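What follows is a short report on a single structure.
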Amino acid sequence: MTTDMEISLTGAELAILRHRIEGVNKKMANTVVRTGRSGVLNRARDFSVCILTADCDLLSAAEGLPIHTLCGPDMMARWMLTFHPNLKRGDAFLHNSPYHGNSHAADQVVLVPVFDDEEVHRFTVVVKAHQADIGNSVPTTLHATARDIYEEGAMIFPSVRLQENFKFNEDLIRMCRMRIRVPDQWYGDLLATLGAARIGERELIALGREIGWAKLLSFPAKWFEYSENRMMEALRKMTSGQAEALSIHDAFPGTTADGIEIRASVRVDAEDARVHVDFTGCPDCLPNGLNLTEATSRTAAMVGIFNSIDSSVPKNAGSIRRIMIDLRENAIVGIPHHPTSCSLATTNIADHATNCVQMAIAAISEGSGMAETGYAFSPTTGTISGIDPRNGKPFVNMVFLGHTAGAATGHGDRWLTLLHVGNGGLCNIDGAELTELYHPVVIRERKLVTDSEGAGKFIGASSMLVEYGPVGGDLELVFASDGTDHAPQGVRGGKPGGKADQYIRFPSGELKQLDKVARVILREGDTTVGIACGGGGYGSPFERDPQTVANDVLEKWISRERAEKIYGVAIDADGSVNREKTQTLREAVCK
Amino acid sequence: MRFACDTGGTFTDLVVEDKSGTVHMFKAPTTPHDPVKGVLDALSVAASEFRMDLADMLGQAEIFIHGTTHSINAIITGKTARTAFLTTQGHPDILVIREAGRSEPFNHKVDYPKPYVPRSLTHEVTGRILSDGSVSRPLDEAGLIKTLAALKEQEVEAIGVCLLWSIVNPEHELRVGELIEQHLPGIPYTLSHRLNPSLREYRRASSTCIDASLKPLMTKYMGSLVSRLQTAGFGGKVFVLTSQGGMMDATHLEKMPIHSVNSGPSMAPLGGQFYAERSIGAQTVIVADTGGTTYDVSLVRNGAIPMTRDMWIGEPYLGHMSGFPSVDVRSIGAGGGSIASVDAGGLLHVGPGSAGAVPGPACFMKGGTWPTLTDACLVLGYIDPDYFLGGKMKLDVEAAKQVIMANIAEPLGMSLLEAAWSIVEVATENMVQAIADITVNQGIDPTNAVLVGGGGAAGLNSVFISKRLGCKHLIIPDTGAALSAAGALISDLTSYYQATCFTASDRFDYAQVRSVLEDLDERCETFRKSAGEHVTSAVQTYVEARYESQIWEIEVEIPNGGIVTEADLADAVAQFHKKHDELFAYHDENSVVEFVTWTKRVNCKLRKNDVGRLRYDTDARNDRAVRMAYFPGFGEVESKVFFQQDVPHDQTFSGPLVVETPHTAVIVDPMSTVLQTPEGTLIVTSKK
């Protein structure tokens, strides 16, 4: 960052400015969540906001989705500078190109350059929001079977002018309204996204005026230095070593029958306080929507690392300096070329990549890292569309009716509702009443599945089952469910978590399994039964505290039989631990 | 005579208004094992100051208003009743799944919260009602009777019942209630549609179960309070403060004890709003209450006390949602006891950890070894070591200096005073962020607001908070040290009635809305009658609205009490656009506006006159007329010390100076001025 004058900042001033910048960030996020129109934004909170320096370094991303923010906003801001060298106040750009720093095309980004009182570009604010629709050839933004971007059908905006002098480029708006399903909802979400960026701009300018631009501009370098030091300190606490982890994505259309093998080789150098991730062993890009973008490939590695260390290390351009990532051109975790489809670039393969990193770290350093988290997405988290019989209006929305997926860590049980590793648990689950009010559906059942947890000294999440169907008409459902064949693995002796699954139930009661990747019409009286993946366990179940196991039985997370068989804990009729029998059971296995 | 008594974590505050209208303040230690004792102790302190017999004093009282932390403490310490949850079949995990979400995506060291009612005490009830109120599956009464037998076996002490869509069609819930009375007579229960008829099953279920779990203990507590006050000689009415910023008759509250969860803190905004309005007619008021461990903030706009639907008991995403509207008071871990530390990267932190009352700050000489905000204020000269609590407690300056030097100044390479100032500055910034959250989230610019400082420690850094936010003025009322109890004295008797009725601007259902509002009016009328004959009352009407397919509503007032004509509807829509623009910097004229929840708020005025001034005995004065105080950019400067009662009215004094009472010290820095109004409120104004 270029500053007109270096001003030294004390620890107290640094702390204050950090809060102020995060305060701007929070205010931006609040605007999106409170005013967004689609369920993806206002219920699932599938968006992120961040602030970059004029040099495109990530300064702050409070409350952002992990897979959205760590890498990508920086690349997009650089493309903005390349395509629009003469930026000025009042500009805003629309950007969603997977080939220019974005994640998947449905993540629509608004970039606004922020100018000081001398009209010098000082910051860029970035708001990324997952759209309910982006004009794909089928009504889902997660188009698993698309052979390329043309079949995917998403509109692509490589840093395209959205506003000049604070006025919309109406041509662009008209084009979008003709191609995007439910255009009013899309436009409402665009207003919320742009509103958030403008609020960020307004607040940063106010901050610069209040404390002086010179002081504000001295902050980033100092903050990056502090963050890098914190990162080095965290890495020095780990054990040095090298490990490789393998995670298999289920076979989908366009893949081999065995699925896709994702590998990461991770090297921790505690002394030098660096961590190195090598994804070059991953296969080539595939003719489907599973390929990662460069941004999500890099971010996937970073998420795995930040999940494995002290969470108070700030995530920004400073701490990221200690992370080295090797990518290969045209690899599925790597750098894709146009017109490769990257429709699922924030979830499926990205999750496997992140999981490999945190499992490898668990292997290197006991107590660090995490087991494997569950995968995306059974019909519990699908895209539904149709005509609402109550008002005759078409609707399309992604619903978030139930998810778990949390993996065990080296020091405790899972966070139950993580959704998937790249989300970090920020996503809300739609209430049954809210869903039934908004869409012509009924949720018949929603519950956690007994005995489906990832067993271990520390447990991974149980699976969740959701059964729902249409009311008063047909419902189109699109989903792509990974984790059906390959369960999320445990680490260091931990067991796998529950697998995903999906069915249709007909009015006769007949239950039929659905394909992992499907587009189905549910008629009135039909329901779909989706089972969302659980998460893997950490450490041997035989090391789990027997009293905790007894409580798991009391609370119906697991059955008495499972307690005995998997955990080696015998429970008496009154629910208490039978110490003697437990000891015998556990010793028998150790021998 | 009127009494208002607020039982806090450390002190039980009592504010008494005598016949002449003069106000008196007393404090007694809170007695957690039997909080009613602390109340009676505070009353005894007052009686002895008035040189009266306790029974004589209480005999003259008409009203006793009580704020209590009894229910919140029971929840926090897990001392509530053994409660069962009856839920719709197929949805047993409503309290486990909640609405998902969390605040720190990378922090995997936080345990997933346990449900308010354990899974083992959760039972499903067969029967299903759909969103339109139709019965999709009938209630299985035989199965339910078996379940009730199982609850008896489980020795359940209370039952919460929340069935899907009971808010649209309550027939199943009502029948469950009847069967509970029949099969488990005497076991208290709560039906969700009666307690909290609002959309979103997790919130409704959560409030239902919390309410049920409080019933046994709050029935006992209220009974004890009323009977012991009566035994002591009190013959008037006992009211309890509610989370919603109103008061309820004690016997009424027993039936819905969840309303007492935020009793106490809810009154600070009311007090703050009153004093800000009276002293300078402020419309936008930030009310901050500084305690020993927490800093409670709220925002009053246009005289309206802020309400939230999102009140969490505990941390967001980790605690439990009350599911109930409450006065929107947010707490952060910042106060006099907040601990300062320097991390490995050289960053200074203050709080959220607190030294509490024991061991307390280092200067308390009770074994505290960490520097706290109080220690920093002592070193800076903001607190007089010989006049803490009016001299009742001596403080050790050397101990404060030593811990700040060793733990802060040396690691940061600063002088002692610079380090102490940095502690104040970081604590100030934390408090500012708490305020920024409530102003920012409501789209309010704090520079147009007035800050009211309440709580014993408010005077120490409120001027810096006010300056940092750019507030027009800082206001410190004479009763500020017991702002909640003072708020209670001036509070009205209020109640809210709500109903869900979904309609939209392009298909507005006039008839249905009218019927819903008429029903709410009737309930307001019943409440008004219960308040007594001679009270004046008013009813306000609100609707929560949003743009089509948004899910978060904005509350808009309906000035005429209803929407009867197309012009009324156009007005309401225009109001909504305006408010959306105010909050989020844009509005969308082309979008349909949806209306969801309708509210009537009834207000009964219990008093006609303003509350009078606070008086202390004049022998409570500090002997010291000047002391050295540190201000950044000025260093240590000689600062005048005033006893608040002695400060001439309506005259402006320039800092540096300190205004003291036995309960507070208000610091005015060299760039600010202070003026006392005839009613005893300090107005501090800073140069911009």
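Respectively, the protein sequence lines represent chains A and B.
Going by this note's numbering, the letters in the first sequence line up with residues 1 to 591, in that order.
Going by this note's numbering, the letters in the second sequence line up with residues 1001 to 1688, in that order.
Don't be surprised by glycine CBs; every beta carbon is placed ideally from N, CA and C.
What you are looking at is a predicted structure, and each value in this text was computed from that prediction instead of being measured.
Checklist entry - Taking Cβ to Cβ, would you say B:LEU1520 is nearer than 7 Å to B:LYS1600? => result yes
Checklist entry - Taking the alpha-carbon positions, what's the A:TYR226 to A:VAL303 distance? => result 20 Å
Next on the checklist: At the level of alpha carbons, what is the spacing between A:GLN242 and A:SER368?
Outcome noted: 14 Å
Checklist entry - Would a check of beta-carbon distances place A:GLN358 closer than 7 Å to chain B? => result no
Next on the checklist: Tell me which residues of the segment 255–287 of chain A have at least one Cβ-Cβ distance to chain B shorter than 7 Å, keeping chain order.
Outcome noted: none
Checklist entry - Between B:HIS1587 and the rest of its own chain, which residues show a CB-CB distance below 6 Å, the 5 nearest in sequence each way excluded? => result HIS1577, HIS1580 and ASP1581
Checklist entry - Can B:ASP1093 and B:ALA1482 be called in contact, C-beta distance under 7 Å? => result no
Checklist entry - What whole-angstrom Cβ distance do B:ALA1042 and B:LYS1019 have, given they're in contact under 8 Å? => result Actually they are not in contact, since the Cβ atoms of B:ALA1042 and B:LYS1019 sit about 20 Å apart, beyond 8 Å.
Checklist entry - Near B:ASP1396, which residues of its chain fall below 6 Å by C-beta distance, leaving aside the five closest residues on each side in sequence? => result CYS1363 and MET1365
Next on the checklist: Taking its Cβ as the centre, do 16 or more other Cβ atoms sit within 10 Å of B:TYR1630, making it buried, or is it exposed?
Outcome noted: buried
Checklist entry - Would a check of beta-carbon distances place A:ALA432 closer than 7 Å to chain B? => result yes
Item to check | Buried or exposed by the 16-neighbour rule on C-beta atoms within 10 Å, applied to A:LYS495 | outcome: buried
Checklist entry - Whose CA, out of B:THR1077, B:VAL1658 and B:LEU1675, lies closest to the CA of B:ILE1667? => result B:VAL1658
Checklist entry - Using the beta-carbon of each residue, which ones in chain A are nearer than 8 Å to B:TYR1202? => result GLY431
Checklist entry - Closest Cβ-Cβ distance between B:ALA1420 and chain A: below 7 Å? => result no
Next on the checklist: Counting only Cβ pairs nearer than 9 Å, list the residues of chain A close to B:GLY1346.
Outcome noted: GLY11, LEU14, TYR226 and ASN229
Checklist entry - With respect to the alpha helix (DSSP H) encompassing A:VAL120, which residues constitute its N-terminal and C-terminal limits? => result A:VAL120 -> no alpha helix (DSSP H), and no H or E assigned at all.
Checklist entry - Of all the residues that make up the segment 1452–1477 of chain B, which are near chain A by a beta-carbon distance shorter than 7 Å? => result none
Item to check | Neighbourhood of B:PHE1085 by C-beta, 6 Å cutoff - its chain only, sequence neighbours within 5 removed | outcome: VAL1117, THR1122, GLY1160 and CYS1209
Next on the checklist: Excluding the 5 residues flanking A:MET324 on each side, which residues of the same chain have their C-beta closer than 8 Å to its C-beta?
Outcome noted: ARG274, VAL275, HIS276 and VAL277
Next on the checklist: Assuming A:ALA360 and A:GLU244 are in contact, meaning their beta carbons sit under 8 Å apart, how far apart are those beta carbons, in whole angstroms?
Outcome noted: 6 Å
Checklist entry - Hey, does B:ILE1097 have any beta-carbon neighbour from chain A nearer than 7 Å? => result yes
Next on the checklist: Do B:ALA1212 and B:THR1190 count as a contact pair if the criterion is CB distance below 7 Å?
Outcome noted: yes
Checklist entry - At a Cβ threshold of 7 Å, is B:GLU1638 touching chain A? => result no
Checklist entry - Along the chain, where does the beta strand (DSSP E) that runs through B:TYR1630 open and close? => result 1626–1631
Checklist entry - Considering A:VAL275, what are the terminal residues of the beta strand (DSSP E) in which it resides? => result 274–278
Item to check | Straight-line Cα distance separating A:PRO440 from A:GLY39 | outcome: 15 Å
Checklist entry - To the nearest angstrom, how far is it from the Cα of A:LEU194 to the Cα of A:PRO158? => result 17 Å
Item to check | Selected residue, minimal CA-CA separation from B:GLY1186, among B:GLU1173, B:ALA1620, B:LYS1215 and B:SER1166 | outcome: B:LYS1215
Checklist entry - Is DSSP giving B:TRP1552 helix, strand or coil here? => result coil
Checklist entry - Checking contacts by CB at 7 Å: is B:GLY1059 closer than that to chain A? => result no
Checklist entry - Any residues in the segment 553–568 of chain A with a beta carbon nearer than 8 Å to a beta carbon of chain B? Which ones, in chain order? => result LEU554, GLU555, LYS556 and TRP557
Checklist entry - Within this structure, are the beta carbons of A:GLY188 and A:ARG37 separated by less than 7 Å? => result yes
Checklist entry - If contact means a Cβ-Cβ distance below 7 Å, which residues of the segment 440–457 of chain A contact chain B? => result VAL442, ARG444, GLU445, ARG446, LYS447 and LEU448
Item to check | 8 Å contact criterion, which B:ILE1404 and B:PRO1371 should meet: CB distance rounded | outcome: 5 Å
Next on the checklist: Just to confirm, is the Cβ distance from A:GLY456 to A:TYR538 under 7 Å?
Outcome noted: yes
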